[in-house]
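Numbering (this note's numbering), first residue to last: 4 to 65.
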Amino acid sequence: MPQAPHTVELDEHLKEVIQALHGAVNWAMPHVGDPKIVDKAIRDCKEILDVVLEGKVSEWLK
């Protein structure tokens, strides 16, 4: 079975997405008692995940 087009680029993009999510969570964890910081991290994660869930893959490859 042939490899789907752009798999390397998609893998790299999704790796960056995971790293961004990980970074947002790691940034907030030491400040779990500060609702403003935690809420910002949650908003950041939601924004990242919303882009992924939109599924506009062609835009990710630009």
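Every residue, glycine too, gets a C-beta built ideally from N, C-alpha and C. Since we're looking at a predicted model, the values are computed, not measured.
Residue i burial status per 10 Å Cβ neighbour count (16 or more: buried)
i  : result
A7 : exposed
C-alpha distance - residue i paired with residue j, whole-angstrom precision
i   : j   : result
I45 : V28 : 8 Å
D14 : H34 : 31 Å
K43 : E57 : 21 Å
D37 : I51 : 22 Å
K18 : T10 : 12 Å
V55 : P5  : 25 Å
Cβ-Cβ distance between residue i and residue j below 8 Å
i   : j   : result
I40 : A31 : yes
W63 : H16 : yes
Sequence-distant residues of the same chain with beta carbon closer than 6 Å to residue i, five excluded per side
i   : result
D53 : none
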